[in-house]
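Read through the structure below, which is laid out as structure tokens, and then see the notes.
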Amino acid sequence: MQGMDTARAIKALLDWQAELGADTALGDLPVDRYAAPPPAKPAPAADKAPAAARMDDDPVALAEAMAAAATDLDSLRAAMDAFDRCELKHGARTLVFSDGVAGARVMILGEAPGRDEDMQGKPFVGRAGQLLDRMLAPIGLSRTAPDTGAAVYISNLIPWRPPQNRKPTAQEMAMMAPFARRHLAIADPDIVVLMGNTACEGLLGRSGITRLRGQWTELAGRPCLPMLHPAYLLRNPAAKRETWADLLSLRARLHPEGTSP
Ligand code: URA
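Residue numbers (my numbering): 1 to 261.
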């Protein structure tokens, strides 16, 4: 009888946590975050060089310095992994870096990983990602194409899943944008596609995706096309019409001579 009560109490506790949004196990063993307080941050040394002192209290400056020091995709991933000023890192299971073909002519940047991406360590693998694949196929693009002309390279502004898929804060976007910009510079695509409002906000400093979508602009010296996020299309299927127009515009930019894939 007592065993039954215990089982019921455990189930009630689990249900309660799931309702709060703790729907993913991050490790096999629980972590008691009250047991070991983090070591106190040492006060900045009086003789610290001004730039180093500035980076201590400015996570964006630190992110810029760490991103700038990365010379290739591996060192960029390592730099992002080492960056510990973004709270999202501590609630996520994995750093979601990229998928697709490095060197592809098109790079797609989304917002942030969701649950499926956090589990698999790859961007755009959930329902929205599957729709993205279905959107790209008719214009001859895919994340698995061996030819860089027909391939896409995919990443996100934010590499860690925000709790309950909430929108990243302005501060989180500001501190991760230097890494996303460096990612873009190293991947060096001909064209960048920004998926959704948050990617536009974080990287173009503009929002209002229903106005921005389909309007070619520039990001870090490259042609950039803002588009509606596939997750938005799942909720608003009627907007697929606009997205089809944007996909045709993307195809025309890639093949100006009408040399279709
Ligand atoms: N939405 C995004 O913006 N990125 C992902 O990786 C998945 C969903």
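C-beta: ideal position from N, C-alpha, C; glycine also.
Remark: the C-beta of P168 is outside contact range of the ligand URA, defined as less than 7 Å to any heavy atom. Inclusion of N156 and G110 in the CB contact set at 8 Å is warranted, their separation being smaller than that value.
Between R222 and V192, the CB-CB gap stays under 8 Å. With distances taken between CA atoms, Q171 lies nearest to L88 out of L88, A49, L225. Of all C-beta pairs linking the stretch 98-105 to the stretch 133-146, three or more are shorter than 8 Å, placing the two stretches in contact. Every residue with a CB closer than 5 Å to a heavy atom of the ligand URA is listed here in chain order: G110, E111, P113, G114, E117, P123, F124, A128, N156. Residues V125, G126 of the same chain have their beta carbon placed closer than 7 Å to that of D116, with the five preceding and five following residues left out of the count. Setting aside the 5 residues that flank it on each side, A199 is surrounded in the same chain by L109, G110, E111, L157, each with a C-beta closer than 7 Å to its C-beta; the list follows chain order.
Our two residues, R85 and A180, have alpha carbons roughly 16 Å apart in a direct line. Residue environment: H90 is assigned as exposed (fewer than 16 neighbouring CB atoms within 10 Å of its CB, all protein chains considered). By the criterion of a C-beta distance shorter than 6 Å, L132 is surrounded in its chain by F124, P230, once the five residues flanking it on both sides are discounted. Given a length threshold of 3 residues, each whole run of the beta strand (DSSP E) inside the stretch 77-146 is given here in chain order: 106-110. Excluding residues up to 5 positions away in sequence, A63, E64, A67 lie with their Cβ nearer than 6 Å to the Cβ of P178 in the same chain.
Taking the Cβ atoms as the reference, R213 lies roughly 20 Å from D190, outside the contact range of under 8 Å. Classified as buried, W160 has 16 or more neighbouring CB atoms from the shown chains inside 10 Å of its CB. The C-beta separation of V106 from V152 comes to about 5 Å, placing the pair in contact by the 8 Å criterion. If you ignore the 5 residues before and after M173, its C-beta comes within less than 6 Å of the C-beta of G202, all in its own chain and listed in chain order.
With at least 16 other beta carbons inside 10 angstroms of its own, G196 counts as buried. Listed in chain order, the alpha helix (DSSP H) runs fully inside the stretch 161-223 are 170-187, 197-204, 209-212, counting runs of at least 4 residues. Taking the Cα positions, L136 is about 25 Å away from K167. For P163, the closest alpha carbon among the candidates Q215, S207, T94, R134 is that of T94. The three-state secondary structure of P226, taken from DSSP, is strand. Contact between L219 and L250 fails: their C-beta atoms lie close to 14 Å from each other, not under 8 Å. Listed in chain order, the non-local C-beta contacts of G121 below 7 Å within the same chain comprise T94, V96, local neighbours out to five positions each way being set aside.
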